[in-house]
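Peer 1: Protein chains in written order, with the numbering used here: chain A, 1 to 207; chain B, 208 to 462. Just so you know, even glycine gets a beta-carbon here, dropped at the ideal spot from N, CA and C.
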Amino acid sequence: MASVLVPIVYLIIVFGGLFLFSYFYRKHTSTQSYEPYFPSHPERNAYVTLLQSEPRASDALLKSALVRRAMADVQRVIRIREDKPALQNLLQKGSIGDDLWNSLINAERELEAEIMEVVGEANSFVEGWGQVIFPTANEMLANERMRAVFENVPAARVELERKYEVKAKHTAVIPPPLLPKSSNGSTPSTGAENGDAEGAKKNKKRK
Amino acid sequence: MSHSHSHAPGQAHSHTHSHGPPQSSQGPQSPVMPTPDPALQALIEDDFRPVPLSLSDDRNTAYCLDHRLEKCDACDVDFVNLNRLSTLLANNPNLLCPPPSNIVTQKLSQMVTTTKDEGNSLFKSGLHTAAVNRYTGAANLAINRPPWENNQLMREELSTVISNRSAAFTEASDYISALADADAVIQIRKPWSKGHFRKAKALVGLHRLREAAEAVKLGLSFEPTNNELLQYLSDIEKAIKGETKQETAETKSEQ
């Protein structure tokens with residue numbers, strides 16, 4: 001009949017239903033997976049592989065692998081920084097769905113965790129290195145880019161010969177880049193590309 | 208002979224190296240770091256795929272597991288730069304880690320400058336091929352700067368040397384090599400007017416006047432008040448006009 005219990009039970013049922021629904025909905029959305037934005041992280045894999053390698057890799061190699069991991073992370077940071085406003089624009093216009101945006105946001109968060117991990121690992125090698133490793137990675141990226149341009153010059157020469165149909169005339173021999181004198185004689189494998197393009201044509205006068 | 212090993216996928220792993228776990232990175236010198244979210248860390252660890260590699264005997268260099276190559280397209284690995292840096296660090300045991308970028312090797316700059324000056328004097332005395340060789344030597348020295356140093360130095364040194372080499376090639380009438388060098392200079396140091404100037408000169412040598420004018424205009428977009436470029440642009444445009452007049456005269460005489 002008209003007892004006090006009835007409205008209370010009614011309220012309990014309504015709010016209980018709402019709470020149950022929100023609980024299951026939140027559980028559902030939190031376990032949703034997303035497409036990874038970057039396919040894989042080869043430098044990180046190399047670093048961890050080296051850490052676990054059976055005859056333990058030398059410290060020099062581990063530090064180098066860590067620096068290369070930092071370099072890859074820097075490249076990703078730049079890429080995300082560039083992609084984010086563009087994706088936001090597309091999202092607002094409706095050209096892309098939420099999934100891609102979520103992937104980007106998640107990738108950004110993972111990258112932050114990754115960077116903190118790299119800093120931690122760097123500090124574990126040398127105290128205070130964590131602060132320096134990312135600026136170092138920046139410089140090394142620029143350095144590698146310039147080096148690649150320089151080492152590409154003989155190939156560019158061949159390209160231009162083809163394009164303008166004129167043969168390069170110079171007879172100077174261009175030796176492959178050597179390692180500095182402080183390191184002993186490990187032959188760089190990048191020297192091979194120089195030999196082929198040059199040797200065919202430039203065998204006339206050698207000073 | 209060779210230390211080779213492989214990891215079975217799915218093998219249990221953790222970050223085991225004797226320097227301590229990565230989370231406790233708070234030391235007296237480094238500022239307090241927030242510890243990374245363990246869920247994200249678990250994600251990172253999940254993402255790990257072991258790389259098939261083997262080490263050299265002194266454990267300083269890495270090679271691919273199957274073919275013992277630094278750069279192996281079949282195994283999709285490229286350890287060249289890794290090994291270069293590792294060798295550099297191993298040969299300088301006083302370097303605990305790549306130092307901050309303001310620490311610079313002075314001697315390298317001096318050697319590059321000396322070799323470049325030798326090239327300059329050879330160039331002035333007309334021995335262009337020898338000058339090219341000297342410039343190449345200087346460029347190789349400049350390339351071997353330790354990669355963690357401030358890259359502005361290497362950029363300036365390398366671009367100057369290559370631009371001089373391009374000039375030497377132009378004087379020796381080898382315009383293709385001059386063009387290749389000028390393109391490299393522009394890639395290394397875009398806003399520099401000399402790079403565009405050299406490219407234009409090489410193109411004029413190849414009788415591509417319009418492309419040369421384009422190159423000069425591109426250089427002018429970076430440095431609008433550069434007199435050298437402005438002068439050269441007017442020279443090229445005069446030459447283009449002269450050419451078109453000649454062409455129209457020829458077609459008229461054929462008719």
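If you follow the beta strand (DSSP E) that residue 262 of chain B is in, where does it begin and where does it stop?
Peer 2: Counted from its first residue, the second sequence places residue 262 of chain B at position 55. 260–262 is the span of the beta strand (DSSP E), which, as asked, contains residue 262 of chain B.
Peer 1: Between residue 120 of chain A and residue 93 of chain A, what straight-line distance do the alpha-carbon atoms span, to the nearest angstrom?
Peer 2: In the first sequence, the residue the question calls residue 120 of chain A occupies position 120. In the first sequence, the residue the question calls residue 93 of chain A occupies position 93. Approximately 40 Å between the Cα atoms of the pair.
Peer 1: Between the alpha carbons of residue 250 of chain B and residue 44 of chain A, how many angstroms are there, rounded?
Peer 2: The count along the second sequence starts at 1 and reaches residue 250 of chain B at position 43. The count along the first sequence starts at 1 and reaches residue 44 of chain A at position 44. Distance between the alpha carbons of residue 250 of chain B and residue 44 of chain A is about 13 Å.
Peer 1: Measuring only the C-alpha atoms, how far is residue 267 of chain B from residue 298 of chain B?
Peer 2: If you number the second sequence from 1, residue 267 of chain B lands on position 60. If you number the second sequence from 1, residue 298 of chain B lands on position 91. Whole-angstrom Cα-Cα distance: 10 Å.
Peer 1: What number of angstroms, rounded off, separates the C-alpha of residue 353 of chain B from the C-alpha of residue 23 of chain A?
Peer 2: Counting from 1 along the second sequence, the entry for residue 353 of chain B is found at position 146. Counting from 1 along the first sequence, the entry for residue 23 of chain A is found at position 23. One C-alpha to the other measures close to 57 Å.
Peer 1: Can you check whether the CB of residue 383 of chain B is closer than 9 Å to the CB of residue 151 of chain A?
Peer 2: Within the first sequence, the letter at position 151 stands for residue 151 of chain A. Within the second sequence, the letter at position 176 stands for residue 383 of chain B. No, these two residues do not count as a Cβ contact at 9 Å.
Peer 1: Could you tell me the boundaries of the alpha helix (DSSP H) in which residue 164 of chain A lies?
Peer 2: As a working mapping, residue 164 of chain A is identified with position 164 in the first sequence. That run of the alpha helix (DSSP H) goes 129–164.
Peer 1: Exposed or buried, which one is residue 143 of chain A when buried takes at least 16 other CB atoms within 10 Å?
Peer 2: Within the first sequence, numbered from 1, the residue matching residue 143 of chain A stands at position 143. Buried: at least 16 other Cβ atoms inside 10 Å.
Peer 1: Assuming residue 425 of chain B contacts residue 403 of chain B under a Cβ cut-off of 8 Å, what Cβ separation, rounded to an integer in Å, is found between them?
Peer 2: As a working mapping, residue 425 of chain B is identified with position 218 in the second sequence. As a working mapping, residue 403 of chain B is identified with position 196 in the second sequence. With 8 Å as the limit, residue 425 of chain B and residue 403 of chain B qualify as a contact, their Cβ atoms being about 6 Å apart.
Peer 1: Decide if residue 358 of chain B is buried, meaning its Cβ has at least 16 other Cβ atoms within 10 Å, or exposed.
Peer 2: Here residue 358 of chain B is taken as the residue at index 151 of the second sequence, counted from 1. By the 10 Å Cβ count, residue 358 of chain B comes out buried.
Peer 1: So for residue 169 of chain A, helix, strand or coil by DSSP?
Peer 2: Here residue 169 of chain A refers to the residue found at position 169 when the first sequence is read from its first residue. Residue 169 of chain A falls in the coil class under three-state DSSP.
Peer 1: Just the C-alpha distance for residue 238 of chain B and residue 128 of chain A, rounded to the nearest angstrom, thanks.
Peer 2: Along the second sequence, one-based indexing puts residue 238 of chain B at 31. Along the first sequence, one-based indexing puts residue 128 of chain A at 128. In this prediction, residue 238 of chain B has a pLDDT of 49, which is less than 50 and means its spatial position is unreliable; nothing more can be read from the coordinates.
Peer 1: Considering only DSSP beta bridges, list what residue 278 of chain B is partnered with.
Peer 2: Sequence index remark: in the second sequence, residue 278 of chain B carries index 71 (1-based). Answer by DSSP bridge pairing, in chain order: B:285.
Peer 1: Exposed or buried, which one is residue 187 of chain A when buried takes at least 16 other CB atoms within 10 Å?
Peer 2: The residue you call residue 187 of chain A lines up with position 187 of the first sequence. Residue confidence for residue 187 of chain A is low, a pLDDT of 39 falling below 50, so the modelled location carries little weight; the figure read from the coordinates is stated next. When all chains shown are included, residue 187 of chain A counts as exposed.
Peer 1: Just verifying my parser: in three-state terms, what is the DSSP assignment at residue 269 of chain B?
Peer 2: Along the second sequence, one-based indexing puts residue 269 of chain B at 62. It is a strand residue.
Peer 1: Report yes or no: is there a C-beta of chain B within less than 9 Å of the C-beta of residue 41 of chain A?
Peer 2: Here residue 41 of chain A refers to the residue found at position 41 of the first sequence. It does; some Cβ of chain B falls within 9 Å.
Peer 1: Straight-line CA distance for residue 328 of chain B to residue 134 of chain A?
Peer 2: Working through the second sequence from its first residue, we reach residue 328 of chain B at position 121. Working through the first sequence from its first residue, we reach residue 134 of chain A at position 134. If I take the Cα positions, the gap works out to 41 Å.
Peer 1: Rank B:323, B:332, B:331 and B:355 by C-alpha distance to the C-alpha of residue 463 of chain B and give the top, closest one.
Peer 2: Missing from the structure shown is residue 463 of chain B; chain B here goes from 208 to 462 and no further.
Peer 1: Closest Cβ-Cβ distance between residue 411 of chain B and chain A: below 9 Å?
Peer 2: Position 204 of the second sequence, counted from the start, is the residue given in the question as residue 411 of chain B. Not one chain A Cβ lies under 9 Å of residue 411 of chain B.
Peer 1: Classify residue 163 of chain A: buried if its beta carbon has 16 or more other beta carbons within 10 angstroms, exposed otherwise.
Peer 2: Translated into positions along the first sequence, residue 163 of chain A becomes position 163. Exposed, by the Cβ-count rule.
Peer 1: If we cut at 9 Å on Cβ distances, does residue 113 of chain A have a partner in chain B?
Peer 2: One-based indexing of the first sequence puts residue 113 of chain A at position 113. Cβ-Cβ to chain B under 9 Å: yes for residue 113 of chain A.
Peer 1: In its own chain, which residues sit with a C-beta less than 7 Å from the C-beta of residue 234 of chain B, not counting the 5 before and 5 after it?
Peer 2: Taking the second sequence and counting its residues from 1, one reaches residue 234 of chain B at position 27. The predicted position of residue 234 of chain B is uncertain, since its pLDDT is 40 and thus under 50; a value taken from the coordinates is nonetheless stated next. Cβ within range, chain order: n/a, list empty.
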